[in-house]
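Participant: Residues in the sequence shown are numbered from 560 upward in steps of one, following my numbering.
Glycine residues also receive a C-beta, built at the ideal position from the N, C-alpha and C atoms.
Quantities reported herein were computed from a predicted structural model and do not represent experimental measurements.
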Amino acid sequence: MSAARMDEEKLTLLSLPDEPMLEVLSYLSIEDMFAAVQACPRLRELTKTHLSLWRGKWFEVEDVDELYRRLLVSPNVDRLTTFCHCMETITADFSDTCTVWGPNARTCLTVRNVEDIGSLVWTLGGGLRHVTLTVCKEDLPLSLLKEAPGLEILYLIFKGKGRATGMWPQGVVLPRLRYAVFDCEPSAAFSRSTLKALRSLLQAHSGQLWSVSVDSPRLLPLLSSCPSDLYELNVVVGEGLFASLRRLHGLKRLRVDFTYDNDSVEEVENLLKSWSGPLAGLELYHFRPGMVRDLGLYGLSSLQKLVLETPRNQEYDLGPALARLPRLRWLGLVHVPLLEVLRGIQHAAIPALEMLSMAAVAPCYRYRCWFEDCKIVARHLPVLQDLVRRAPMSLHVVFRESCDHGQDSFTCRVLHKHSPAESSCCALCTEAKDVYRTYHSSPDDTFKVNFVQVV
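Structure, rendered in structure tokens:
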């Protein structure tokens, strides 16, 4: 083929309107995509504004310089996640699951095996809204986060020798930062400088933070830097927790995880009994079932949301607790409750309940067991239907429909009293789907929803 003929075909391709051009680009591999956008400014601008071309694609590079060269011609990143891996190469992918963060999410980038994550934040900073950084071998200067002025969610995980360094200047704030999550693996090297650095970050943003999560007992001293009127706290049980909680009297939502210390149940009980703040949401994970019985004795009459995760296959009595929680509108049971637990929920004890969510009805774990034919489900389903039928409010019950947990996708069922035609405009039906995705599935799960009227 002559050079003139080749130039003519190239010109014909590049002269295509945007829509046909996008269709052509959708067939390209990630390597060809990079080559195209580096060679043609028009394609670069076109692909930056049509992010579906990138989602689900990944690439591998030998060194960090090549990574940065590619990121310069990639679309703006909305969410950044880094992981540590013992590999010789660096891998990165544009995730197609970032829609779990809501309709405004744009592009999510996951990078593995980059040691200098601070420089990565500096490179991507402008558009970042959600950042999850795993700090493994290197120091992370907190001041580099100033390069991401639009940051809303910050999640820092410390492993190995990873540390946070530098004090955050108290006169500087990230104006949109609302969520801060901190975790430290038990085997990680512990550094007081890390605590000091993170404290300075919390103190500078105390007037605007909405939610703080401390997922390691070693980081509990950070609670002393949280504002007393913090809206939401997610925390693990450990030394120093209870004294810190007493000063957070303005909390509206509290999540307590007993994974690391199940011997402190009595201290938590005493704390809740003396709680005087306007607590509206309480979540308890990995605690002993006997604690459920006494929940109604804690004086938490303002509670509207209660999520419980007790050990599997253990019976507990919900009745007395629910009878003393007159404003409760949502009850979440993370594990599958025994039939006796469901039968213990009396209609008179749930005057305001609008939502009951569960992982499933009663998975029997038999291979290829189908919901409609399962004998175990046949015993549980009538109890749930009766709850919906007799509940004072328009109760919606949401649960997994399939028994076989080995399936790649599954169906979620929502039981309700209203007509099927109302499901599309029912706020509780929409909430039920969101609740199931948040509390009973993982971000990569795919499921459909069946709305079923109880008559």
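Can you give me the C-alpha to C-alpha distance between Trp613 and Phe653, rounded to a whole angstrom?
Facilitator: Taking the sequence shown and counting its residues from 1, one reaches residue 613 at position 54. Taking the sequence shown and counting its residues from 1, one reaches residue 653 at position 94. Rounded to the nearest angstrom, the two C-alpha atoms are 6 Å apart.
Participant: Tell me the residue span of the beta strand (DSSP E) that contains Val796.
Facilitator: For the purposes of this step, residue 796 is taken as the residue at position 237 of the sequence shown. No beta strand (DSSP E) holds Val796; DSSP gives it neither H nor E.
Participant: Taking Cβ to Cβ, would you say Ser787 is nearer than 8 Å to Gly766?
Facilitator: Here residue 787 is taken as the residue at index 228 of the sequence shown, counted from 1. Here residue 766 is taken as the residue at index 207 of the sequence shown, counted from 1. Cβ atoms of Ser787 and Gly766: not closer than 8 Å.
Participant: Where Leu800 and Gln729 are concerned, what is the direct C-alpha to C-alpha distance, given to the nearest angstrom?
Facilitator: Counting from 1 along the sequence shown, the entry for residue 800 is found at position 241. Counting from 1 along the sequence shown, the entry for residue 729 is found at position 170. Each residue's alpha carbon lies about 25 Å from the other.
Participant: Quick one: what does DSSP say Glu791 is sitting in, helix, strand or coil?
Facilitator: Residue numbering aside, residue 791 sits at position 232 when the sequence shown is read from its first letter. Of the three classes helix, strand and coil, the one that applies to Glu791 here is strand, per DSSP.
Participant: Please return the same chain residues whose Cβ sits closer than 6 Å to the Cβ of Tyr790, not counting the five positions on each side in sequence.
Facilitator: Position 231 of the sequence shown, counting from 1, holds the residue named residue 790. Taken in chain order, the residues that qualify are Trp769 and Lys811.
Participant: Report the residue ranges of all beta strand (DSSP E) runs contained in full by the segment 636–715; include only those spanning at least 3 residues, in chain order.
Facilitator: 638–642, 649–654, 667–671, 689–694 and 698–700
Participant: With a threshold of 8 Å, are at least 3 pairs of Cβ atoms found where one atom belongs to the segment 848–868 and the other to the segment 828–839?
Facilitator: yes
Participant: Tell me which same chain residues have a C-beta within less than 6 Å of the C-beta of Phe817, skipping the five on either side of it?
Facilitator: Working through the sequence shown from its first residue, we reach residue 817 at position 258. These residues qualify, in order along the chain: Val796, His845 and Phe846.
Participant: Name the one or two DSSP bridge partners that Phe717 has.
Facilitator: Residue numbering aside, residue 717 sits at position 158 when the sequence shown is read from its first letter. DSSP output for Phe717 lists Val694 and Cys743 as bridge partner(s).
Participant: Rounding to the nearest angstrom, what Cα-Cα distance links Ile935 and Gln944 in this structure?
Facilitator: Here the question's residue 935 lines up with position 376 in the sequence shown. Here the question's residue 944 lines up with position 385 in the sequence shown. Each residue's alpha carbon lies about 15 Å from the other.
Participant: Short of 8 Å in beta carbon distance, which residues of its chain neighbour His977, apart from the five on each side in sequence? Order them along the chain.
Facilitator: As a first step, residue 977 is located in the sequence shown; it is residue number 418 there, counting from the start. Taking His977 as the centre and dropping the five residues before and after it, the same chain places the C-beta of Ser953, Cys985 and Gln1012 closer than 8 Å to its C-beta, in chain order.
Participant: With which residues is Cys971 paired in a DSSP beta bridge?
Facilitator: For the purposes of this step, residue 971 is taken as residue 412 along the sequence shown, with counting starting at 1. Answer is Arg959 and Val1008, bridged to Cys971.
Participant: What residue ranges within the segment 893–921 form continuous alpha helix (DSSP H) runs of no fewer than 4 residues, ordered along the chain?
Facilitator: 898–902
Participant: If we ignore side chains and look at the alpha-carbon of each, how far apart do Ala907 and Ala991 end up?
Facilitator: Translated into positions along the sequence shown, residue 907 becomes position 348. Translated into positions along the sequence shown, residue 991 becomes position 432. Computed Cα separation, rounded: 23 Å.
Participant: For a test of the three-state rule: what should DSSP assign to Arg603, helix, strand or coil?
Facilitator: The count along the sequence shown starts at 1 and reaches residue 603 at position 44. Arg603 falls in the helix class under three-state DSSP.
Participant: On the DSSP letters alone, give me the boundaries of the beta strand (DSSP E) that Ala723 sits inside.
Facilitator: As a working note, residue 723 is residue 164 in the sequence shown. That run of the beta strand (DSSP E) goes Arg722 to Thr724.
Participant: To the nearest whole angstrom, what separates the beta carbons of Leu841 and Leu877, a pair I think is in contact under 8 Å?
Facilitator: Mapped onto the sequence shown, residue 841 falls at position 282. Mapped onto the sequence shown, residue 877 falls at position 318. About 14 Å separates the two Cβ atoms, so there is no contact after all.
Participant: Around the Cβ of Gln863, are there at least 16 other Cβ atoms within 10 angstroms (buried) or fewer (exposed)?
Facilitator: The sequence position of residue 863 within the sequence shown is 304, counting from 1. Buried.
Participant: For Ser978, name the three-state secondary structure that DSSP assigns.
Facilitator: If you number the sequence shown from 1, residue 978 lands on position 419. Look at Ser978 here: in three-state DSSP terms it is coil, with no helix or strand label.
Participant: Where does Gly878 sit, in a helix, a strand or coil, going by DSSP?
Facilitator: Here residue 878 is taken as the residue at index 319 of the sequence shown, counted from 1. Of the three classes helix, strand and coil, the one that applies to Gly878 here is helix, per DSSP.
Participant: I'd like to check one pair, Ala763 with Val731: are the Cβ atoms closer than 8 Å?
Facilitator: As a working mapping, residue 731 is identified with position 172 in the sequence shown. As a working mapping, residue 763 is identified with position 204 in the sequence shown. Against a cut-off of 8 Å, the Cβ pair of Ala763 and Val731 comes out as a contact.
Participant: Alpha carbons only, please: which of Ile589, Tyr586 and Val632 is nearest the one belonging to Gln597?
Facilitator: As a first step, residue 597 is located in the sequence shown; it is residue number 38 there, counting from the start. Checked all of Ile589, Tyr586 and Val632; the closest Cα to Gln597 is Val632.
Participant: How do the segment 622–632 and the segment 673–689 stand: do at least 3 beta-carbon pairs fall below 8 Å, yes or no?
Facilitator: Counting Cβ pairs under 8 Å, three or more are found: they touch.
Participant: DSSP three-state label for Lys864, please.
Facilitator: Within the sequence shown, numbered from 1, the residue matching residue 864 stands at position 305. Strand.
Participant: Nearest by alpha-carbon distance to Ser585: which of Cys599, Leu610, Pro600 and Leu843 is it?
Facilitator: The residue labelled residue 585 in the question sits at position 26 within the sequence shown. Answer by Cα proximity: Leu610.
Participant: Between which two residues does the alpha helix (DSSP H) containing Gly855 stretch?
Facilitator: For the purposes of this step, residue 855 is taken as the residue at position 296 of the sequence shown. Element bounds for Gly855: n/a, residue is neither H nor E.
Participant: Return helix, strand or coil for Met560, following the three-state DSSP convention.
Facilitator: Counting from one through the sequence shown, the residue named residue 560 turns up at place 1. Because the pLDDT of Met560 is 46, which lies under 50, any placement of that residue in the model is unreliable, and the number read from its coordinates should be weighed accordingly. Coil.
Participant: Check whether the Cβ atoms of His975 and Ala918 lie closer than 8 Å to each other.
Facilitator: On the sequence shown, residue 975 is found 416 positions in, with the first residue counted as 1. On the sequence shown, residue 918 is found 359 positions in, with the first residue counted as 1. No.
Participant: On the DSSP letters alone, give me the boundaries of the beta strand (DSSP E) that Phe618 sits inside.
Facilitator: Taking the first residue of the sequence shown as 1, we reach residue 618 at position 59. Note, Phe618: beta strand (DSSP E), Trp617 to Val620.
Participant: In whole angstroms, give me the CA-to-CA distance for Leu792 and Leu692.
Facilitator: Counted from its first residue, the sequence shown places residue 792 at position 233. Counted from its first residue, the sequence shown places residue 692 at position 133. Taking the straight line from one Cα to the other gives about 20 Å.
Participant: Confirm, please, whether the CB-CB distance from Ala747 to Gly719 is below 8 Å.
Facilitator: Counting from 1 along the sequence shown, the entry for residue 719 is found at position 160. Counting from 1 along the sequence shown, the entry for residue 747 is found at position 188. Yes, Cβ-Cβ distance for Gly719 and Ala747 is below 8 Å.
Participant: For Trp834, is the classification buried or exposed, using 16 other Cβ atoms within 10 angstroms of its Cβ as the cut-off for buried?
Facilitator: The residue given as residue 834 occupies position 275 in the sequence shown. It counts as buried.
Participant: How close, in whole Å, do the beta carbons of Leu679 and Thr641 come, if the pair is a contact with beta carbons under 8 Å?
Facilitator: One-based indexing of the sequence shown puts residue 679 at position 120. One-based indexing of the sequence shown puts residue 641 at position 82. Between Thr641 and Leu679 the Cβ distance is about 7 Å, and since that is below 8 Å, they are a contact.
Participant: Val994 and Val957 look like a contact to me (Cβ under 8 Å); what is the Cβ gap, rounded to whole Å?
Facilitator: Along the sequence shown, one-based indexing puts residue 994 at 435. Along the sequence shown, one-based indexing puts residue 957 at 398. Contact flag correct, Cβ pair sits at about 6 Å.
Participant: Using the three-state DSSP reduction, which class does Asp820 fall into: helix, strand or coil?
Facilitator: Against the sequence shown, residue 820 aligns to sequence position 261. If DSSP states are grouped into helix, strand and coil, Asp820 belongs with coil.
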